[in-house]
Amino acid sequence: MKTCFWAIAFTCVVAFACEEKDTHTIIGKDKDFLLKAGAASQADMTYGQLAAEKGNDPQVRAFGNRMANYHRRAIEDLRNIALSDKIQLTTGMDKIHEKRLAILLTLVGAPFDTAYVSSQLKNQQEIIALYQSELDSGKVEALRAHASSYLIFMQSQKADAETLTQQLTARATGN
Numbered sequence: 001m002k003t004c005f006w007a008i009a010f011t012c013v014v015a016f017a018c019e020e021k022d023t024h025t026i027i028g029k030d031k032d033f034l035l036k037a038g039a040a041s042q043a044d045m046t047y048g049q050l051a052a053e054k055g056n057d058p059q060v061r062a063f064g065n066r067m068a069n070y071h072r073r074a075i076e077d078l079r080n081i082a083l084s085d086k087i088q089l090t091t092g093m094d095k096i097h098e099k100r101l102a103i104l105l106t107l108v109g110a111p112f113d114t115a116y117v118s119s120q121l122k123n124q125q126e127i128i129a130l131y132q133s134e135l136d137s138g139k140v141e142a143l144r145a146h147a148s149s150y151l152i153f154m155q156s157q158k159a160d161a162e163t164l165t166q167q168l169t170a171r172a173t174g175n
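First residue of the sequence shown? That's 1 in full-length UniProt numbering, and the numbers climb one at a time after it.
Have a look at this one:
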């Protein structure tokens with residue numbers, strides 16, 4: 001009887017200890033990636049929505065719409081990965097992206113288009129480096145899979161931003 005009591009008591013203590021244990025598997029650089037990728041995608045989605053509404057050039061509006069839609073899906077994917085590890089993914093932008101948004105909000109017409117596409121080129125360069133780093137050294141398979149599938153889009157969008165920059169520059173200079 002005493003043995004049974006101690007066995008039950010031990011099982012309860014172990015079960016309680018397991019529940020209290022931090023069970024997060026997304027830690028360190030993987031968690032940094034998750035949070036930075038979420039903030040960057042939130043920024044690109046917000047900028048894209050703004051460009052889709054405010055863009056002067058139809059190609060800029062279409063590019064903004066694609067960016068908003070694709071980054072909305074990326075955020076949802078990241079949010080699901082975060083929730084599976086009981087991590088709350090913030091829905092806001094970081095300070096750098098907030099400053100870029102503040103600048104975009106002050107512009108209209110061709111200056112807005114040029115600034116938006118330029119900011120997207122910079123953002124895509126930054127996010128490509130972030131995603132490539134996760135692919136190269138990430139430990140969490142779900143995040144590595146996310147990085148792998150979205151990196152292709154980021155590279156494509158960078159190329160689109162480069163082409164759009166050239167087109168806007170050519171129009172501005174009359175070439």
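No residue lacks a Cβ here, since even glycine has one placed at the ideal position from N, Cα and C.
- For Gly48, the closest C-alpha among the options Arg61, Gly38, Ala39, Lys36 is that of Arg61.
- Per the C-alpha coordinates, the member of Leu164, Leu104, Ser84 positioned closest to Asp44 is Leu104.
- Shown here for His146: same chain residues with a beta carbon closer than 6 Å to its own, the five before and five after excluded, namely Asp77 in chain order.
- By the neighbour-count definition (other C-beta atoms within 10 Å, threshold 16), Ser148 is an exposed residue.
- Sixteen is the threshold: when 16 or more other Cβ atoms of the shown chains lie within 10 Å of the Cβ of Ser41, as they do, the residue is buried.
- From the listed residues Thr169, Asp57, Ala39, His71, the smallest Cα separation to Ile152 is found for His71.
- A straight line joining the alpha-carbon of Ala37 with that of Tyr131 spans about 8 Å.
- For Arg79, the closest of Tyr116, Ile27, Arg144, Leu34 by C-alpha to C-alpha distance is Leu34.
- Closest by C-alpha distance to Ala39, out of Tyr116, Thr163, Glu98, Arg171, is Glu98.
- For Lys158, the enclosing alpha helix (DSSP H) starts and ends at 141 to 173.
- Judged by beta-carbon spacing, Leu101 lies within the 8 Å limit of Thr46, meaning their Cβ atoms are closer than that value.
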